[in-house]
Amino acid sequence: MNLLHALNTFVRVVETGSFAAVARETNVNASAVTRLVAQLEEHFKVRLFHRTTRHLSLTEDGQDLLDHAHHLLNAAATLEDSVGHQSQAPSGHVRVGLRPGTARLLTPRLGDLLGLYSGLSVEFVVRERFDDLIEDRLDLAIREGQPANTSLMARSLGTFGRALVAASSYLEERGVPSSPADLPEHSCIVHNVGAASKNWRFTGPGGPYDIEVSSRFCSSDSEVIRHAARMGHGIALMYELQVLDDIMTGQLHRVLAEYPTERTQIFLIYPSRQHLALRTRVVIDFLVEQFRIVGSRAARTSWCEFSTSSSDPIPAGEMAV
Numbered sequence: 002m003n004l005l006h007a008l009n010t011f012v013r014v015v016e017t018g019s020f021a022a023v024a025r026e027t028n029v030n031a032s033a034v035t036r037l038v039a040q041l042e043e044h045f046k047v048r049l050f051h052r053t054t055r056h057l058s059l060t061e062d063g064q065d066l067l068d069h070a071h072h073l074l075n076a077a078a079t080l081e082d083s084v085g086h087q088s089q090a091p092s093g094h095v096r097v098g099l100r101p102g103t104a105r106l107l108t109p110r111l112g113d114l115l116g117l118y119s120g121l122s123v124e125f126v127v128r129e130r131f132d133d134l135i136e137d138r139l140d141l142a143i144r145e146g147q148p149a150n151t152s153l154m155a156r157s158l159g160t161f162g163r164a165l166v167a168a169s170s171y172l173e174e175r176g177v178p179s180s181p182a183d184l185p186e187h188s189c190i191v192h193n194v195g196a197a198s199k200n201w202r203f204t205g206p207g208g209p210y211d212i213e214v215s216s217r218f219c220s221s222d223s224e225v226i227r228h229a230a231r232m233g234h235g236i237a238l239m240y241e242l243q244v245l246d247d248i249m250t251g252q253l254h255r256v257l258a259e260y261p262t263e264r265t266q267i268f269l270i271y272p273s274r275q276h277l278a279l280r281t282r283v284v285i286d287f288l289v290e291q292f293r294i295v296g297s298r299a300a301r302t303s304w305c306e307f308s309t310s311s312s313d314p315i316p317a318g319e320m321a322v
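Right, dumping it as structure tokens:
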């Protein structure tokens, strides 16, 4: 048995939560992956996993081996780098979990990354939220706030708020609110994520404001909300990341920018810092750089407010990504 290879397979089974997923990554039969883990169990005379038909979980011995495996594999990778193997191109498949708006924002630039590395493939797993990286078989995920699971690594990508946006057709017909107190008189499009979805909170002059808006249309899908706003159905409160390119190109206009919402730190999370495949590292670097660009452009959107004094479109600026 090649111990390093077996330990690497064991680590990937833990990170993906699936023998079959590792088999697909390495182009072998699932039975070969199972056999390697069994050889490790025989070698160390311990049981590494609790197995059910739907879920894998580490035993105490398995967790202990995982900690040692991370250190050993990281040391091996460092050794390879030190003797000149750092020029090897990354290859393999990386699964990234992210929200719909973030996926749409990042997709146009993904070709630049894939063009650099012919052996790399990236999968965007798009949902409104992710609860468990291992259960969802994710290598990386982008989420708001620090993860509750302290075993996960978290790297800050920046701090972002939400923006009130509407199409010019709606604002020309209904007028522009002058303060958050005007919002109950407007048609608002609500992203329905729970009981407090219609309570919109702002700071700013005379604030804080806690406004209960009225809504004739709501949806649990943030992309549906964005599309409804672009169609002129009302004012929406949306994450800056999701509407940044719409604001920069004038398809949506920001209103009440002087009344900001609470800002939230965005994190890139992943299972392990000690042993990251090169393919995962380059995707991390790509995401960090894209969020740096997005963050600098988001800081400039406050001037993109709709003005009734001019029929000219809002200056487009650059696309976010």
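Quick note on my numbering: the sequence shown kicks off at 2 and runs consecutively.
Think of the CB as a built atom: it goes at the ideal place given N, C-alpha and C, for glycine as much as any other residue.
Own chain residues within Cβ distance below 6 Å of residue i, not counting five before or after
{"i": "I226", "result": "I190, H192, S220 and A237"}
{"i": "P91", "result": "Y118, L121, L279, R280 and V283"}
{"i": "A104", "result": "F125 and V127"}
{"i": "V47", "result": "D62"}
Whole-Å CB distance - residue i paired with residue j, under 8 Å assumed
{"i": "S169", "j": "H72", "result": "Not quite, the Cβ-Cβ distance comes to about 58 Å (not below 8 Å), so this is no contact."}
{"i": "V214", "j": "P178", "result": "Actually they are not in contact, since the Cβ atoms of V214 and P178 sit about 11 Å apart, beyond 8 Å."}
{"i": "A39", "j": "A31", "result": "Wrong, their Cβ atoms sit about 12 Å apart, outside the cutoff."}
Assigned exposure category for residue i - 16 Cβ within 10 Å defines buried
{"i": "M249", "result": "buried"}
{"i": "M232", "result": "exposed"}
{"i": "N3", "result": "exposed"}
{"i": "L115", "result": "exposed"}
{"i": "S19", "result": "buried"}
{"i": "G235", "result": "buried"}
{"i": "H86", "result": "Unreliable positioning characterises H86 in this predicted model, as indicated by a pLDDT of 46, which lies under 50. The coordinate reading is nonetheless provided below. Flag for H86 reads exposed."}
Cutoff 7 Å; reference residue i; Cβ partners in own chain excluding five residues on either side
{"i": "Q243", "result": "G102, S223 and R227"}
{"i": "D211", "result": "N200 and R202"}
{"i": "A22", "result": "R138"}
{"i": "F45", "result": "L66"}
Candidates the options: closest to residue i by CA position
{"i": "T10", "options": "R293, L37 and A229", "result": "L37"}
{"i": "S122", "options": "R130, E129 and D113", "result": "D113"}
{"i": "E290", "options": "S157, M239, A149 and F20", "result": "S157"}
{"i": "P272", "options": "R130, D247, M154 and R25", "result": "M154"}
{"i": "E43", "options": "N28, G63 and N30", "result": "G63"}
{"i": "A70", "options": "S19, L172, F20 and A7", "result": "A7"}
{"i": "L257", "options": "V127, T27 and G176", "result": "G176"}
{"i": "A197", "options": "S216, T35 and D65", "result": "S216"}
{"i": "S188", "options": "G195, V47, Y171 and S180", "result": "Y171"}
{"i": "L149", "options": "L277, N28 and F268", "result": "Residue identity differs from the one stated: residue 149 is Ala in this sequence, not Leu. Closest option to A149, Cα to Cα, is F268."}
{"i": "E259", "options": "P206, I285 and M239", "result": "P206"}
Proximal residues to residue i (C-beta, below 8 Å), its chain only, five neighbours per side dropped
{"i": "T265", "result": "E145, G146, T160, F161 and G162"}
{"i": "H51", "result": "L57, S58, L59 and T60"}
{"i": "F131", "result": "G98, D137, L139, A142 and R144"}
{"i": "T108", "result": "F125"}
{"i": "E263", "result": "G162, R202 and T204"}
Inset, instruction - May I ask you to verify whether the region 53-70 touches the region 14-27, counting CB pairs closer than 8 Å and requiring at least 3? - result: Contact between the region 53-70 and the region 14-27 is present, because at least three Cβ pairs lie under 8 Å.
Legend entry - At least 3 beta-carbon pairs within less than 8 Å: the region 127-143 vs the region 96-104: Because the criterion of three Cβ pairs below 8 Å is met, the region 127-143 and the region 96-104 touch.
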